[in-house]
Structure formats: structure tokens, C-alpha cells
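4 protein chains.
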Amino acid sequence: MVRILGLNGSPRTYGNTYKLLKIALEAAKKLGATTEIINLYEYDIKDCIGCLSDEPLACRYPCVINDDMKRIYDEILKANGVIFATPIYWFSPSGVIKRVIDRLTALENMIFVSGRSWVEGKVAGVIAVGNDSGEIQLISLMYATLNSMGFIIPPFALSFFNMRGDVLNDDETLLEAANVGRSVTLMAKLVSEFKGVWFDVKLREWVSKIKDEIKRVTEENKEKVFRERSKIITKLMRE
Amino acid sequence: MVRILGLNGSPRTYGNTYKLLKIALEAAKKLGATTEIINLYEYDIKDCIGCLSDEPLACRYPCVINDDMKRIYDEILKANGVIFATPIYWFSPSGVIKRVIDRLTALENMIFVSGRSWVEGKVAGVIAVGNDSGEIQLISLMYATLNSMGFIIPPFALSFFNMRGDVLNDDETLLEAANVGRSVTLMAKLVSEFKGVWFDVKLREWVSKIKDEIKRVTEENKEKVFRERSKIITKLMRE
Amino acid sequence: MVRILGLNGSPRTYGNTYKLLKIALEAAKKLGATTEIINLYEYDIKDCIGCLSDEPLACRYPCVINDDMKRIYDEILKANGVIFATPIYWFSPSGVIKRVIDRLTALENMIFVSGRSWVEGKVAGVIAVGNDSGEIQLISLMYATLNSMGFIIPPFALSFFNMRGDVLNDDETLLEAANVGRSVTLMAKLVSEFKGVWFDVKLREWVSKIKDEIKRVTEENKEKVFRERSKIITKLMRE
Amino acid sequence: MVRILGLNGSPRTYGNTYKLLKIALEAAKKLGATTEIINLYEYDIKDCIGCLSDEPLACRYPCVINDDMKRIYDEILKANGVIFATPIYWFSPSGVIKRVIDRLTALENMIFVSGRSWVEGKVAGVIAVGNDSGEIQLISLMYATLNSMGFIIPPFALSFFNMRGDVLNDDETLLEAANVGRSVTLMAKLVSEFKGVWFDVKLREWVSKIKDEIKRVTEENKEKVFRERSKIITKLMRE
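Protein chains in written order, with numbering that gives the first Met the number 0: chain Y, 0 to 238; chain B, 0 to 238; chain X, 0 to 238; chain P, 0 to 238.
Given below as C-alpha cells:
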């Protein structure tokens, strides 16, 4: 049984962000997942203060800041998948989603404390809703961020709506939101079989052994390619 | 047995882009994958001409343009995972990687022709190498693009190096590149078990049935939340 | 006499973000500007609650939320140029910079209330500092955002540092930061001469008159170009 | 008299990209500018081969590659402002716009050859047209790129359209496109008065003198702020 958490970053629990998140989670339920929505605006989540820059190991679960983020951490730790739903405020997530992301560093940074990012192998989806534009700018930022922390992005894990009006009238977008829930859940099930680590620090040794081989191959390539390139370039330099 | 394809978007097969790609593929091999590198600069790959905008169904495999992209399509179709390695040219991929991405629309757009994106469920990783900056701008763009086409992004599927000098001297970056190969391969194995579809167009019917339920819930929420918000907002409007 | 405001989004007023901002403002002073730094972490700035989505005209100066943002608004309104300095938290600005950006909508949205964005024609620069990566992702987002509000981005208005260690040891970065201050100040002086509006809503009439001309030209082009394209595309469709 | 160049990156000179570019240039003409459109698809513009990575000074006007880019360089050098109009192909510019951007390095890199980026102080605007999404992702990338080369981004220098259908029916978008032309032209006129340099390498000396002052200030700040932060952080570390 997998657990999918929906984080709602909109203050409007009657708006399009919430509706798309709801439909994604219903699709997850349909596949047997247990689900829950957290309305982040009801929580007190303070700014990250960047302890990391003073002392790398200071940033760790459950964070030096004592606020409601503790409960969010624990919900995320219990979940197999997380769907982040946010309004688009200036082409990026709402302030509270941003603060949750920044504070998630305390889970990610466990890689230096305990050898493993505590969100590694969890599955993520993103829902973005605005009146105007910027949905891909937002989603691409979230993808790079979440994946750098160790999240998996399953196929078609994005859904967005960027127009005025009720999204419930737009069946194509609803279909996409449902498929975010579906894709996150299917992936969560698949990876629940997997018991190993994703990021393997022990490859470090192997890497240092294989370097020579790679050095040799690229030097051969240089021999061939660089001569040609060099001719072109030095020709110009002489002129 | 899974197959991992490396697309090298650098003209310099002796440079850092190539080296990191090579190490990623060696790590893939170590896990039992068969691998291949394609040096895209040796192929004639022309610009996408955007047929889609004239006629949505015109964009399909194998593309109206008759050039070497046909061979790239076929290699990608055979592969379970693809690692895109590119130099960073102005915070984005090199021209040839960009053209490959644009032309991949012919596989993605099969969703309208045959009901399924032909890259759905394949696994992707990204390697980006520059002298200066822009690696995340590049990777986030690639992630949003590839995932919109149906690719899976497995944990830590990114590796970058953004300094002058030989990357073979930087063990941390080599470790990250090796883990791109590892992560892509592990995921490719996991999903090779999965025989269903990811994006399910048949959810459309279910979606239209569930709408009423969602409408009801959000109207209840509106009742509660909106009254409060409304008070604040109309107060200002009156002033 | 121009006035350049520095908004410091870092909690660490002894760190690299602050240092680069300081050097930019010193360079501004050298050109005759008056300058000031505001340390945003010392202010209580709450989340935007997106009134706009309920009622477009509700979002206006001085914002429905009663907190320290009022003082920031007034400082920005007095300034000819604003330099935003922020640590890089997950490839994007710190939470407090994000909240300031979101709340600036109350100045930008005056375009619908009074016919003009109240930040139109002001000059902006961006300083981004991290330990790792993401500087361009952050800066490009800020640029698109600030310019959409009406800010001018003068040449080389960006400076970043993305390594551990004291930036005061890196003369090239200091030079770039100084030039952010210089460029913002020079531009602020130049545009202080300009008394007109930048975004001219009165062009609306002219636009509707010129449409026919553009229609005619593009139909002629279509005649020529489309025939050729059409041949290629329909050829495929028939196959 | 200022000169505004329009670079059309769409193969469809009858489509929405072309139409918005045309209207922007008409607005420029209205303000007295001379204008020209270049349809890049009619030019042979090859990939940048990244000479820079082998030899920094090899990248210079007019580029080692002998193709039609030479004519584009010369048109850009003559222009006071450049409007880049592009279709949105996977959230980023079309291949030919990408190649032009990459090859512009030969003008920008003159900073190392002759002390000054040859596009410094030129004015830029961006028009992006698609069927779906990604306009801000594209524009933000272009902004960061062009500004890093030395271009000025004047207020509201962006216009986009992201729907099916003829943009000539959407007066708001046409108004925005016209204002791109207006804003670029107004700024080009303003800066034509300015005879100095924007990026001043001679600030280097001043920078090294002012360092001590900044060091002193931030050490005082550290004294005050760090003690407080340190307490919080070390408290956790002890637990």
C-alpha cells in the first residue's frame, strides 16, 4: 500500500490549484493509494536561515527552527509520493511552497549526516495554476530542485492551467491532473520493490580506478579531433 | 537486459562532457546494461520546421525531414534509457542537442497518432559541462521537456561541471556522473517490469464523473474560506 | 541625484551576499548616487494571499496586508534603482526576497488601477550568492519577473558567486559586482531625463488600424511559403 | 536616428511570430526608427563549435566559421536595438535562434580581445509564440543571456502568445507587441546620448582598495549577528 501526500500551496481551498490537486489524489486512490491533502497556509512555516553556510552539518532533521515544519517533515517521511500544488506567483511557487522547499534541505542534507538523502527514491509530481503565464518556468525549477534532493519524476508528472475561469470546465487539464496522480502512484508502487540505494557513495573507489581508462580513450580522441579543430582555430589567430 | 544510449552533444570528444558521459555509461555497464555513445556532431541533423503548427497530425515518426535523425530515432526507440550530455552554451544545450530535442517531437506527438508517446516510460539523465555558469538553467529546461514527452527522471539524474580544468581531477563530480549512469540503469530495470501505460487517456470518462464531487467539496471550502478573505478585500475596496 | 536601494535577502549580514551588495552600492555612490541597504530579515513581510484571483482591482498599493512591506514599498517608490541581493536557496531567491517580489504586485498592478505600473522605468540589478549552483536559474527568473513589472535591466546587471570561501578574495567577482552598481546608476541617470510613459496603452487604437496591413503582408507570404511547406507535409500524410 | 533589427526565428513568415514582430517594428517606425526584418530560416547559420574551450581568444568577430552569420553580425553591429522573435519549441527558442545566440559569443567575447563586448549598450526585446506553454522559460533564458552579453532590457520588452488561432484577433497581445517595439526604440534613443562604457574594467583598482572597508563592516556585523545564529546552531549540534 503506497501513501501519496498532496501539499497545497494555495490559500484558496476553493480554487483551481486545490481542484487539480484533489483530482490527482482521487486518481491515486483509485489505484489503491492512501492519500492526504495538507493546506500549507494553515501551518506556521518559517524561513530557512541557511545554517548550512556557517556549518554544513548543522542542517539536519528536524531543523533548528521550531515550528510546524516538523509535522510536514514527518508526513513527507511517511509518504511514498508527494504532489506539490501551487499557484503561480511571478512564474514561481507561492511563498509557503518556497519555504517548504528550502526547509526540505534538512532532509536532503542527511546525505552528509547519515549517508543518504531522506527523500531519495520518493516520487514527485507538480501542479501549477495561474491566470497568465510562467507554468513551465515554475515546473522546471521544481523538477531540478526535487530531483537534486533525490525525488523521482515519473512520466508526465506535471499539470498546469493558466487561464481565468473554472478548471472543472476543462476536461483535458483534468485528465492531465488525474494522470499526475496515476503516474506518481504507479511509480511509487514500482519503486516500493526496490530495497537498495540510488546514490551509491561507494562508487567513489571504482571511479578513481576507471579514470585511467577514460583518460586514455579521450587522449586518443583528442589526437584525431583536435588536430582538425586546431587547424581552423590557429588559422584565424594568425590572421 | 537494458540498453542505455549516450547522446554526446559536444564537438570535443576529448573534453569534459565526453568524459562524464563515458563514466556514466561505464557505471551503467557495471550494472549489466549494454551501452552506446553517439557523437551527434558527426550526424547531419536539420532544424525542426514546426509542421505541427500547420497540421497537428503531420508531426510523426519518422519526420518529414530526410536526414540522419532517422538513425537517432531508431537508437532511442531501442533504448531503455538515454543520457543527454551537452556543453553549456549560453545556459542551454548546444545547437545539435537542441535540434535533437525539437525533432523528438515526432516521437512524442505519436500520442495523437497512435495514442501513446513513443518515449513514454523511457528513462533520462542529463550531463552539462561549461566553463562558467548556467548548468541548472539548462538541466531544468531539459527535465521539463523530457518529462513532458514521457521520460522518467530517476533520482539524482544530473551531473555538471562548470570550471576550467580537467574533470578527471574532480572525484566528487565523477562520482555524481557515475551515479547518473547507475540511477538511469536501475530505473530502466525497474520499469522494464511494467507493462501498462503511464498516461491513461481512458481516465477521461472517470474524470468527468468525479467532477461533481470535487465541485461540491470546493464549494463547501469556499463557503468557509472565502467569507474571511472577502471581508479583508472588500474592506480595502471601500476605502 | 539618483537614489539606489539595496535589498539584502540574506540573514547573514557578514556573508558574501552582503559583501557584493555593499560593493555595488559603493560603486553607485562613486557616481554620485545616494544609497541605502535594507536587511529584509529584520522586517516582518508576510505572504501574498493572491487577492488578484478573486478580484483584480483589489491588488493595489499599499496592499491589504498590514505589515512592514509598507516601508519597503515606500523605499522602492523613492528609489530610481533597486539592487536585489539574495542567497541562492535551491536555485531561487531566499523566502523573504520571494515574498517581496510577490508583494510588489501591488505596485505593478496599479497599471489597472491608475493606468501605470508604479515601478515602470525603475532600474534593477541582481546579485546571487551560493555554495554550489543555480545562479543563472535564479537570475533569469528575476529578470523576467522584474521586467514584466516594468523594471529596466541595464547592461551586465548581474553578479554571482557560487563557491565556498570569502568573495573578497575574488577580484573578478568584485569587479562584476561593482559594475552592477555602476550600470544601474548610469541607467538611472539616463532615464531620469525621460518624462514620458514606457508602456503606452493609447497604442491600442493604432494597433487596430494597422492590423489590416499586417494581415495583407502575411497572406502574401503565406501564398509563397506555405505552398512549399504544404507539399512536404501532405506528401507524408499520404504515405 | 536609431536602427531596430527584427530577427525572425520562425520558418513560417505568415504565422503569429512574424505578425507580432512586424507590429513591433511598425511601432518602432512610428517613433522614427529605421527597421528591418531578417528571416533567419533563409540563411545558412552553422553550429558554434566552442573554440573558446580550447583557446579563449580564438572566439572573436567574425568567427572562424565561414557562413551567413557574417551578414547577421554586421546587421547587429549596425543596429541600436534587436528584437528576437521566435516560435516556442520545447520551452525554448527555435534551432536557428539558438545558433545565432551561440554564435553571438564572437561579438561578446571581444571583451577579452578589445576590452569591450561589441553588443554592450544595444537594446533587446523578445517575442515568443507557441501553441501551448513555456513562454516565460524561453524569455527568462533569453534575458539572462542577452544581458550577460551587454544588452539592455527596457521596460516590458516581452510579448508572447500561446494559443491556437490568429493573434491578429487578440488586441491585448498586439498592444504588448507594439509596446516591445516602442520600448526598445525609446531606450535606443536614450542611450544613443551615452558615450561612455558600461562595464568599466578600470574599476578593478578601486575595488581592491575598497575591500578593506567592506571587510571591516562585515566583521562588525558578524560580531553582532553571528553570535546569535551560532547559539541556535550549536545548540542543535550538541543534542
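Heads up, the beta-carbon is just placed ideally off N, CA and C, and yes, glycines get one too.
Taking all protein chains shown into account, do 16 or more other C-beta atoms lie within 10 angstroms of the C-beta of residue i, making it buried, or fewer, making it exposed?
i: X/V118; result: buried
i: Y/N178; result: buried
i: B/I0; result: Looking at the sequence provided, one finds Met at residue 0 of chain B rather than Ile. B/M0 should be labelled exposed.
i: B/K18; result: buried
i: X/L56; result: exposed
i: Y/E212; result: exposed
i: B/G195; result: exposed
i: X/R228; result: buried
i: P/R102; result: buried
i: X/G164; result: exposed
i: P/E107; result: buried
So the beta strand (DSSP E) residue i belongs to, where does it begin and stop?
i: X/S139; result: First-last for X/S139: E134 to M148, but that is the alpha helix (DSSP H), not the beta strand (DSSP E).
i: Y/G5; result: R2 to N7
i: Y/I100; result: Element bounds for Y/I100: not the beta strand (DSSP E) but the alpha helix (DSSP H), G94 to R102.
i: B/A57; result: No beta strand (DSSP E) contains B/A57, which DSSP labels as neither H nor E.
i: B/I126; result: V122 to G129
Does the distance from the CB of residue i to the CB of residue j come in under 8 Å?
i: B/V190; j: B/I152; result: no
i: Y/V63; j: Y/C50; result: yes
i: X/A26; j: X/R181; result: yes
i: X/K77; j: X/R2; result: yes
i: P/T172; j: P/F160; result: yes
i: X/N130; j: Y/S116; result: no
i: B/F198; j: B/G133; result: no
i: X/G94; j: Y/R98; result: yes
i: X/P61; j: X/A127; result: no
i: B/G80; j: B/A176; result: no
i: Y/G120; j: B/P154; result: yes
i: B/M109; j: B/R59; result: yes
i: X/G31; j: X/L20; result: no
i: X/D170; j: P/V206; result: yes
i: Y/I135; j: P/Q136; result: yes
i: Y/E218; j: B/Y13; result: yes
i: X/L24; j: P/L202; result: no
i: B/D66; j: B/I44; result: yes
i: B/I22; j: Y/I22; result: no
Considering only the alpha carbon of each residue, which of the options lies closest to residue i?
i: P/I75; options: P/V95, P/D43, P/I36 and P/P55; result: P/I36
i: B/T16; options: B/S182, B/V112, B/G195 and B/M162; result: B/M162
i: Y/T33; options: Y/T184, Y/S229, Y/K210 and Y/N146; result: Y/T184
i: B/L157; options: B/V166, B/N38 and B/A123; result: B/A123
i: Y/T233; options: P/K28, P/Y40, P/S207 and P/E54; result: P/E54
i: X/R70; options: X/G114, X/G149 and X/L39; result: X/L39
i: B/R215; options: Y/R203, Y/L167, Y/K45 and Y/E218; result: Y/L167
i: B/S147; options: Y/I138, Y/S147 and Y/G149; result: Y/I138
i: X/M68; options: X/E204, X/P86, X/Y88 and X/I100; result: X/I100
i: B/G114; options: B/I82, B/V224, B/G149 and B/I87; result: B/G149
i: P/V125; options: P/F111, P/V112 and P/P92; result: P/P92
i: Y/Y72; options: Y/E204, Y/Y42, Y/E222 and Y/I87; result: Y/Y42
I'd like the span of the alpha helix (DSSP H) that includes residue i, first residue to last.
i: P/F111; result: M109 to S113
i: B/S158; result: From DSSP, B/S158 is part of no alpha helix (DSSP H) but of the beta strand (DSSP E) over L157 to N161.
i: B/A84; result: Counting along the chain, B/A84 falls outside any alpha helix (DSSP H), though it belongs to the beta strand (DSSP E) covering G80 to P86.
i: Y/I71; result: M68 to K77
Which residue spans inside the stretch 13-44 of chain X form an unbroken beta strand (DSSP E) run of at least 3?
Those beta strand (DSSP E) runs which fall completely within the stretch 13-44 of chain X and span 3+ residues are 33-38.
Just by C-beta distance, which residues in the stretch 43-69 of chain B are closer than 8 Å to chain A?
Judged by its chain identifiers, the structure shown contains no chain A, and its protein chains are Y, B, X and P.
Pick out the complete beta strand (DSSP E) segments inside the stretch 145-233 of chain X, 3 residues or longer, and give them in chain order.
Counting only runs of 3 or more, we get 157-161.
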